[in-house]
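Read left to right, the sequence shown gives residues -21 to -1, 1 to 99 (mature numbering (1 follows the signal peptide of the UniProt record, and there is no 0)).
Every residue, glycine too, gets a C-beta built ideally from N, C-alpha and C.
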Amino acid sequence: MKKFLILICFFIALTACNHHKSEMPILNFDTMKVVMWDLLNANEWNNMKAGQDTVFRKMRDDRKQFEQVFYWHHITKSSFYHSLSYYEQHPDKMKKLIDSLSAYGKRITMQPVDSLKLNK
């Protein structure tokens, strides 16, 4: 019985210390940047809309907007948050991502808007 208990404890310790890589892939840098930009825009739109519309403020659900962004980019919520966790655990990559996101945002907002395309 004592050997059996020691064997079980050894097995538990062995499996608890097993640091295998996760099965879910990490989103690449450019995809992560664009998804984060779209999530920030969705959140900003919700904040702006909630400031103007009191009914919207009561019914506001950011999750629906975020799910729509994930759908547009053909990713899942779990893959995004898994990738975000990865980037948070690697501060050098996270800093590069945030800097790139900032530059991307400046580039996007400086592009002229073609009003003819908006009317179609």
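Taken through DSSP and simplified to helix, strand or coil, Gln47 comes out as helix. Under the three-state reduction of DSSP output, Ile5 falls in the coil class, being neither helix nor strand. Note that the C-beta distance between Leu80 and Lys28 is not below 8 Å. Judged by DSSP in its simplified three-state form, Thr88 adopts helix. The beta carbons of Asn26 and Gln44 sit no closer together than 8 Å. In the displayed model, Thr10 falls within a helix according to three-state DSSP.
In the structure shown, the three-state DSSP call for His61 is helix.
By a beta-carbon distance limit of 8 Å, His52 contacts Val14. Their separation comes to about 5 Å. Look at Ile77 here: in three-state DSSP terms it is helix.
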